[in-house]
Amino acid sequence: MRKLSVVVLCVLCSALAYAQGGRGAPPPPATETVAPGIPGVVAKGTKVTIVKDGLRSSEGPLYMPDGTTLFTEPGSSKVYKIDKSGALSVVIEETNRANGLALDSKGRLLATTADSIAVLQPTKSVIAKFATRPNDLVVDKKDGIWLTLPSDKPSAVYYIAPGKTEAVKMGEAASAHGIQLSPDEKTLYSADSSGDHLVVFDIGADGKLTNKRAFGPYEGLNGAKESHADGIAVDAEGRIYVGIQPGVQVFSKDGKSLGLIPTSQRPQNLAFGGPNKQTLWVATPSCLFSVQMIAKGYTGRAK
Numbered sequence: 037m038r039k040l041s042v043v044v045l046c047v048l049c050s051a052l053a054y055a056q057g058g059r060g061a062p063p064p065p066a067t068e069t070v071a072p073g074i075p076g077v078v079a080k081g082t083k084v085t086i087v088k089d090g091l092r093s094s095e096g097p098l099y100m101p102d103g104t105t106l107f108t109e110p111g112s113s114k115v116y117k118i119d120k121s122g123a124l125s126v127v128i129e130e131t132n133r134a135n136g137l138a139l140d141s142k143g144r145l146l147a148t149t150a151d152s153i154a155v156l157q158p159t160k161s162v163i164a165k166f167a168t169r170p171n172d173l174v175v176d177k178k179d180g181i182w183l184t185l186p187s188d189k190p191s192a193v194y195y196i197a198p199g200k201t202e203a204v205k206m207g208e209a210a211s212a213h214g215i216q217l218s219p220d221e222k223t224l225y226s227a228d229s230s231g232d233h234l235v236v237f238d239i240g241a242d243g244k245l246t247n248k249r250a251f252g253p254y255e256g257l258n259g260a261k262e263s264h265a266d267g268i269a270v271d272a273e274g275r276i277y278v279g280i281q282p283g284v285q286v287f288s289k290d291g292k293s294l295g296l297i298p299t300s301q302r303p304q305n306l307a308f309g310g311p312n313k314q315t316l317w318v319a320t321p322s323c324l325f326s327v328q329m330i331a332k333g334y335t336g337r338a339k
């Protein structure tokens, strides 16, 4: 009876630890998988390699100008750095459960936290506070901040103009999680975690979001309506990469499905980094993975 109680307690503790950094039931074990061949994107047989497991959720990978990569561990309020040799170190602590990361033209490291958009470096400060938790963000070339508020009623995409602190609702988007801009910044992508399509908006000359539409259907959902879609990345050719329940969905810039890179855990965020920006970092509920790509990430922004 005592052994059973200990086992139950361990399971409960594991579930609680996961809930503090992610959502839903504890994830399956992190194992390495193999990518299919996607022309121009990834070679057939490429491994989805474990970089670090045992995390209390991983999020927000971000390429830095010095060639290193940062990522967050929301469950422990830490930011890690991956240096050029692949070594990991903790570089920021007490981040208020920082999740998504971005970099502005001033070199400030920005993050979505438990209740704000905040600056983590060079000096910690708060740009904007929220009643609900912002999920992800991307900074445009003018230093405007696009972000998602999935717990807002209704869920929406918001924008903070350069130098401002007020977040303005730009468009409603169901279960808005990951967010990304096209290389030309004329298109905004929002990951609807509850749906089976990527949501797309046009960005007008006045900055307004228009022409909301379904971009392309996800693969491998096996009839499930909820994709758990989350982080989004773009490459130099304008292809779009979306983390969904079974892996990383790759779309052409016109919405054609190019293939799925399977992962053992649901991707929560994605980013290109590493040498020549040809490593795809995949953050999941307990693990950070890497995939060596043929494609190169877009170099006009950090994210």
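Residue numbers (the working numbering): 37 to 339. Quick reminder that beta carbons are idealized off the backbone N, C-alpha and C, glycines included.
Task: Touch test, the segment 158-165 against the segment 108-123, Cβ-Cβ under 8 Å, three pairs minimum - done: Not touching, per the Cβ criterion.
TODO: Output the boundary residues of the beta strand (DSSP E) element that contains Thr149.
DONE: In the sequence shown, residue 149 corresponds to position 113, counting from 1. Thr149 -> no beta strand (DSSP E), and no H or E assigned at all.
TODO: Would you kindly check if the distance between the Cβ of Ala338 and the Cβ of Leu343 is under 7 Å?
DONE: Because residue 343 is not part of the residues shown, which for the chain are 37 to 339, the question remains open.
- [ ] Report the residue ranges of all beta strand (DSSP E) runs contained in full by the segment 134-175; include only those spanning at least 3 residues, in chain order.
- [x] Taking 3 residues as the shortest admissible run, the segment 134-175 contains the following complete beta strand (DSSP E) segments, listed from N- to C-terminal end: 137-139, 145-148, 152-157, 161-165, 173-175.
- [ ] Report buried or exposed for Gly336, applying the criterion of at least 16 other Cβ atoms within 10 angstroms of its Cβ.
- [x] As a first step, residue 336 must be located in the sequence shown, where it is residue number 300. Result: exposed.
Open item on the list: Using CA atoms only, rank isn't needed, just tell me which of Tyr254, Asp89, Phe107, Leu306 is closest to Ala271.
Closed with: Residue 271 sits at position 235 when you count from the first residue of the sequence shown. Here residue 271 is Asp; the residue named in the question, Ala, does not match the sequence. That would be Leu306, whose Cα lies nearest to the Cα of Asp271.
- [ ] Report the option in Pro97, Asp176, Ile128, Gly81 whose CA atom is closest to the CA atom of Gly279.
- [x] For this step, residue 279 is matched to residue 243 along the sequence shown. Nearest option by C-alpha distance: Pro97.
- [ ] Give a yes or no on whether the C-beta atoms belonging to Leu324 and Lys88 are separated by under 7 Å.
- [x] Along the sequence shown, one-based indexing puts residue 324 at 288. Along the sequence shown, one-based indexing puts residue 88 at 52. Yes, these two residues count as a Cβ contact at 7 Å.
TODO: Kindly indicate which residue of Lys313, Pro253, Phe251 has the alpha-carbon position closest to the one of Gly103.
DONE: Here residue 103 refers to the residue found at position 67 of the sequence shown. Considering only alpha carbons, the answer is Lys313.
TODO: Report the rounded CA-to-CA distance for Leu185 versus Ser218, giving the unit in angstroms.
DONE: The sequence position of residue 185 within the sequence shown is 149, counting from 1. The sequence position of residue 218 within the sequence shown is 182, counting from 1. Straight-line Cα distance between these residues: approximately 20 Å.
Open item on the list: Once DSSP output is grouped into helix, strand and coil, what is the label at Pro110?
Closed with: The sequence position of residue 110 within the sequence shown is 74, counting from 1. Reduced to three states, the DSSP call for Pro110 is helix.
TODO: Determine the burial state of Val204: buried for a count of at least 16 other Cβ atoms within 10 Å of its Cβ, exposed for fewer.
DONE: Along the sequence shown, one-based indexing puts residue 204 at 168. Flag for Val204 reads exposed.
- [ ] Please name the residue in Asp220, Gly333, Lys178, Ser226 whose C-alpha comes closest to that of Val193.
- [x] Counted from its first residue, the sequence shown places residue 193 at position 157. Considering only alpha carbons, the answer is Ser226.
Open item on the list: For Val127 and Met329, which I take to be in contact (beta-carbon distance under 8 Å), what is that distance rounded to the nearest angstrom?
Closed with: Taking the first residue of the sequence shown as position 1, residue 127 is located at position 91. Taking the first residue of the sequence shown as position 1, residue 329 is located at position 293. Contact flag wrong, Cβ pair sits at about 25 Å.
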